[in-house]
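Inspection log for the structure reproduced underneath, given as structure tokens.
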Amino acid sequence: PFFESDLAHAADVESCDAVLQSLATDAHVPLEVGLVWDPAPIRPPHAVPQLDDLVGELCVWASQDDAGAPVVEYLHIDELTRQRIRYRDAYGQSRVHPRDDAEAAIHRGDLGPVGPITAYAPKRLLEALGDRGDLSFWLHPSWRFEGDRPQHRPLHAKLVLLRHTHRGREETLVLLGSPNPSRGALLLDVAGGGNVELAVAFALEGHHHLADICPELVRCDAEALTLEERPYRAAPPNLALWIESAVHDAADGSLLITWRDERPHPLPAWRIDYLDRAIASGEGRPDAPTLVTSFTLSPASCEIVLVAAGERYPLPITVRDLVALPSDASLADLSLEELLALLGRRIGGERLASLREAGGGDGAHHALEAIFGEGFAPTDVFRAWWSIADHLGDPRTTLGAFRGHVEGSLGAQAVWQRLHDTLTADDEARRLTRDEIWFYGAELLRTLRPIVAAIPEGPDAPAKRSVLATFLAHLEAELVPLSPDPTRGGWVAQVIAHYAVGGAPA
């Protein structure tokens, strides 16, 4: 994308002549130029009376997939027959579709022209390219759906591909990232605030196109495109610099926003949004960090937006410990029964997630009834403990995965916490006795204890032992107050001695 005009010679194409002429000497050199399309419609901006009016137009077709998620397709309608429409898809490939479907979509207002297409680019330079070579244009839509929410995501990264053949071997050189090669950026010095430009360069076998790397691109005919120089206004003060960090603690569901002590520009009245919902507001710099409780990180967004002085400043959210995040957002906040069924391998994660999403919890409830009947048995708990032990004892388990099986939302700590919470459950039918909770916890302790010493030596071994030993110490400390009374004698004393919780003799 062209986001900045050089301060000098911005419209001068003479210096490019040598390169352009060399490209024009070879008829087999195609030039693909990708441009930001902002704004890009995700629904038809206006209705059309009939399908015939769309021939020769770039159109947008809004629909839904099988799961009900919104889908946006861009297509160029070329020809109509009695039964079908012939069109080119976003990649320029010729396709056909039933005419009846298109007529129905027009009637619903889901299919229509995108309207005038304007892209910001150095007009004279691209016109010179078109005069000297085979030039094609690709548009990158600035609006898209993330989940079921429309998000404004204008592309800021750069992508440059150079296809070549050397000694019969086809290769594509790729530069991908955010390098800004403008004169203004390159001449910034340290005293002026400095400048950092970052990109990654690599090579791919074979010849590849822009759309292979950036699949959301849309092919656009040159005659349908209006090129304009992007107007630039004086940049307002960057009030986002007032915020030093936004850190999410998934373990306690909080978001901590830390403010910087001083900035050159005062902070007026402000608001912080997350997914278009206000989560904090104030005027001026707060005296203390802003704590947002009951915060849930959505898969659709990992950023907050500071709204101040009529501007919106997106800022990234840092997750304090990724282990505390559920591996799948659909598996967040599982019940004890769901955890036991999942860890005991009585049901798969994808199946459980689909049941929870489809039935609002009822589908998973019925599935668990089929698995456990009226309630889970000791064997169901033991199966979960054995599964956790299998993962922890596997030498191929990485440190991150090891921590996940111990401390994660689907790990031993989460199941034990759910078990412990049943002691005070509101639903009497779900309550377990102190003896039952102690028994299950003691069995977990006995199952995992030998793994500490059995972890094979390696770079991660000390960290793994520390993670597991810390959890086991915490588990044992919570088991001691729950221990059965040894004076009850008989088999109770034998069970207490067998598990040796809190140093009791084995």
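Just so you know, we're using the numbering used here here: the sequence shown kicks off at 19 and counts up by one.
By construction, the Cβ of each residue, glycine as well, lies at the ideal position given by its N, Cα and C atoms.
Nothing here was measured: the structure is a model prediction, and the numbers come from that model.
Spatial neighbours of residue i in its chain, beta-carbon cut-off 7 Å, leaving aside the 5 residues before and after
i: Ile469; result: Ala407, Leu410, Gly411 and Leu486
i: Arg289; result: Ala296, Ser299 and Val325
i: Pro168; result: Ile60 and Trp161
i: Ala502; result: In the sequence as presented, Ala is not what sits at residue 502; that position holds Pro. Counting only Cβ-Cβ distances below 7 Å, and skipping sequence neighbours, we find Asp453, Trp456, Val510 and Ile514.
i: Arg464; result: Tyr517
i: Glu121; result: Leu69
i: Pro561; result: Look at the range of the chain in this structure, 19 to 524, and you will see that residue 561 is not part of it.
Buried versus exposed call for residue i [16 or more other C-beta atoms within 10 Å across all chains shown]
i: Leu285; result: buried
i: His537; result: No answer is possible for residue 537: the residues shown for the chain start at 19 and end at 524.
i: Arg421; result: buried
i: Leu352; result: buried
i: Glu475; result: exposed
i: Ala65; result: exposed
i: Leu357; result: buried
i: Glu355; result: buried
i: Trp509; result: exposed
i: Val90; result: buried
i: Pro282; result: exposed
i: Leu204; result: exposed
i: His125; result: exposed
i: Val519; result: buried
i: Leu437; result: buried
i: His184; result: exposed
8 Å Cβ cutoff met for residue i and residue j
i: Leu76; j: Cys232; result: no
i: Leu179; j: Val51; result: no
i: Ala80; j: Arg61; result: yes
i: Pro332; j: Val325; result: no
i: Phe313; j: Gly271; result: yes
i: Pro249; j: Ser160; result: no
i: Ile455; j: Leu490; result: no
i: Ala217; j: Leu194; result: yes
i: Asp107; j: Arg113; result: yes
i: Tyr2; j: Ile95; result: Only positions 19 to 524 of the chain appear in the structure, and residue 2 is not among them; the question remains open.
i: Ser316; j: Leu340; result: no
i: His266; j: Val192; result: no
i: Val78; j: Leu98; result: no
i: Leu228; j: Ile135; result: no
i: Glu262; j: Trp277; result: yes
i: Ala7; j: Leu257; result: No answer is possible for residue 7: the residues shown for the chain start at 19 and end at 524.
i: Arg100; j: His115; result: no
i: Ala342; j: Gly426; result: yes
i: Leu450; j: Thr442; result: no
i: Leu497; j: Trp403; result: no
Residues of its chain near residue i, where Cβ-Cβ distance is below 8 Å and the 5 sequence neighbours each way are ignored
i: Pro254; result: Ala327 and Glu329
i: Arg363; result: Arg401 and Ser405
i: Lys141; result: Leu245, Glu246 and Glu247
i: Arg7; result: What the structure shows of the chain is the stretch from 19 to 524, and residue 7 is not part of that stretch, so it cannot be assessed.
i: Ser196; result: His174, Ala175, Lys176, Glu215, Leu216 and Ala217
Neighbour flag for residue i against chain B, beta carbons, 8 Å
i: Pro254; result: Among the chains in the structure shown there is no chain B, since it carries only a single protein chain.
Opposing strand residues paired with residue i [DSSP bridges]
i: Cys77; result: Leu93 and Pro131
i: Lys482; result: Answer is none; Lys482 lacks a bridge partner.
i: Gln82; result: Pro88
i: Ala326; result: Trp288 and Glu329
i: Tyr105; result: Ile95 and Arg113
i: Phe220; result: Val192
i: Arg278; result: According to DSSP, Arg278 bridges with nothing at all.
i: Leu180; result: Leu191
i: Arg526; result: With the chain covering only 19 through 524, there is no way to say anything about residue 526.
i: Cys320; result: Paired residue(s): none; Cys320 is not in a bridge.
i: Ala242; result: DSSP, once it has assigned bridges, lists no residue as partnering Ala242.
i: Tyr138; result: Glu246
i: Pro334; result: Glu321
Boundaries (first-last residue) of the beta strand (DSSP E) holding residue i
i: Thr308; result: Thr308 to Val310
i: Ala298; result: Arg295 to Glu301
i: Trp509; result: Not the beta strand (DSSP E): Trp509 falls in the alpha helix (DSSP H), residues Trp509 to Tyr517.
i: Gly429; result: Per DSSP, Gly429 belongs to no beta strand (DSSP E) and is neither H nor E.
i: Gly52; result: Pro48 to Trp55
i: His158; result: Asp152 to Pro159
i: Glu262; result: Ile261 to Asp267
i: Arg167; result: Arg167 to His170
Close Cβ partners of residue i (< 6 Å) along its chain, the five nearest in sequence each way excluded
i: Gly165; result: Ala318
i: Leu274; result: Val265, Pro307 and Leu309
i: Arg181; result: Thr190 and His225
i: Thr311; result: Ser272
Bounding residues of the alpha helix (DSSP H) (the contiguous stretch that carries residue i)
i: Asp70; result: Taken as a continuous stretch (DSSP letters only), Asp70 belongs to no alpha helix (DSSP H), as it is neither H nor E.
i: Pro396; result: Pro396 to Gly411
i: Leu354; result: Leu354 to Leu361
i: His423; result: Leu417 to Glu425
i: Ile231; result: Leu228 to Ile231
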